[in-house]
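Mind the numbering: the sequence shown is residues 1 to 234 in full-length UniProt numbering, read in order.
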Amino acid sequence: MLKIENLNVYYGVIHALKDISIEVQEGEIISLIGANGAGKSSTLRAISSLAEVKSGTITYKGEDITKKKAELIPSMGLVQVPEGRKIFANLTVFENLELGAFTRKDKENLKGDYEMVFQKFPILRERQKQKAGTLSGGEQQMLAIGRALMSRPSMLLLDEPSMGLAPLIVQKIFDTIVEINKSGTTILLVEQNANMALSISNRAYILETGKIVKSGDAKELMNDPAVKAAYLGE
Numbered sequence: 001m002l003k004i005e006n007l008n009v010y011y012g013v014i015h016a017l018k019d020i021s022i023e024v025q026e027g028e029i030i031s032l033i034g035a036n037g038a039g040k041s042s043t044l045r046a047i048s049s050l051a052e053v054k055s056g057t058i059t060y061k062g063e064d065i066t067k068k069k070a071e072l073i074p075s076m077g078l079v080q081v082p083e084g085r086k087i088f089a090n091l092t093v094f095e096n097l098e099l100g101a102f103t104r105k106d107k108e109n110l111k112g113d114y115e116m117v118f119q120k121f122p123i124l125r126e127r128q129k130q131k132a133g134t135l136s137g138g139e140q141q142m143l144a145i146g147r148a149l150m151s152r153p154s155m156l157l158l159d160e161p162s163m164g165l166a167p168l169i170v171q172k173i174f175d176t177i178v179e180i181n182k183s184g185t186t187i188l189l190v191e192q193n194a195n196m197a198l199s200i201s202n203r204a205y206i207l208e209t210g211k212i213v214k215s216g217d218a219k220e221l222m223n224d225p226a227v228k229a230a231y232l233g234e
């Protein structure tokens, strides 16, 4: 479904991604794990055409999207939930969800999708007329995911969904990610909470300073002594 081959990304003289290759099959949850600055977010930004690719290719559903304009990516069914939520603070919860559906042509089906989001995140139903900037961090994360779901994505890119959230909220977010995947959406997850990420993933890639240093079955990586020592606090 998504194939990244020999990808290189620079920020000025900084070589952020160094010949990385990643593959995501339809229906999978794939995690990218690594410390701050490892290149995880840069990978998602490159996929979404928010970071310029120096060399290498990104293929989605058989189409080369390496140089595609960022504004055209969501209409292909490839949608990102950015790090830090990036909700529209001065708009209401409902208006944020409306904006998530801006690429949709089937406006007659939107009512059912609002209901789907509200069932996943009941607090958003209660807060739908409230300014999004007044929500708690956890509620904002729910809104960011809900906004992405309104576009009916085939694949969801999630950038640090647990960042800054209380453990109970983190569990709720990850339970919802699994639920979204089971309903047919492929997921590429960037996450510093390696334990949580690996526990729900099929496979994972570990990045260090812009390079993939290890990859494989998520459960096997959880039992790998080097991974345990470096990322799982063991």
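Note that the Cβ used here is the ideal one computed from N, Cα and C, for glycine as well.
For the candidate residues the options, whose alpha-carbon lies nearest to that of residue i?
i	options	result
Glu71	Ser48, Arg104 and Arg127	Ser48
Thr59	Asn6, Ala89 and Ala35	Asn6
Ser21	Asn36, Lys40 and Val13	Lys40
Glu83	Lys214, Lys107, Pro153 and Met163	Met163
May I have the straight-line CA-CA distance separating residue i from residue j, to the nearest angstrom?
i	j	result
Ile29	Leu189	7 Å
Tyr205	Gln119	32 Å
Ala101	Asp113	9 Å
Leu99	Glu208	35 Å
residue 235	Gly146	With the chain covering 1 to 234 only, the question about residue 235 has no answer from this structure.
Leu221	Met196	13 Å
Arg125	Lys105	24 Å
Glu52	Thr66	9 Å
Ser75	Thr103	6 Å
Lys68	Leu78	12 Å
Leu158	Arg203	15 Å
Phe88	Leu110	20 Å
Val227	Leu165	24 Å
List the whole-angstrom C-beta distance separating residue i from residue j, where the pair is believed to meet the contact cut-off of C-beta under 8 Å.
i	j	result
Gly210	Leu17	5 Å
Which residues in the same chain as residue i place their Cβ atom closer than 7 Å to its Cβ, once the five residues preceding and following it in sequence are excluded?
i	result
Lys61	Met1
Asn90	Lys131 and Gly133
Glu26	Met1 and Thr186
Ile200	Ile29, Phe174, Ile177 and Val178
Tyr231	Ile33 and Ala194
Counting only the same chain and skipping the five closest in sequence on each side, list residues whose C-beta sits under 8 Å from that of residue i.
i	result
Ile123	Glu139 and Met142
Closest Cβ-Cβ distance between residue i and chain C: below 8 Å?
i	result
Asn6	In summary, chain C is missing from the structure at hand, where a single protein chain is found.
In chain order, what residues of the same chain lie with their CB nearer than 6 Å to the CB of residue i, ignoring the 5 residues before and after it?
i	result
Ser215	Tyr205
To test your reading of the DSSP string, which unbroken beta strand (DSSP E) runs of 3 or more residues are found completely within the stretch 149 to 227?
155 to 159, 186 to 190, 203 to 208 and 211 to 217
For the stretch 34 to 63, which segments carrying the beta strand (DSSP E) assignment without a break, of at least 3 residues, lie completely within its bounds, in sequence order?
53 to 60
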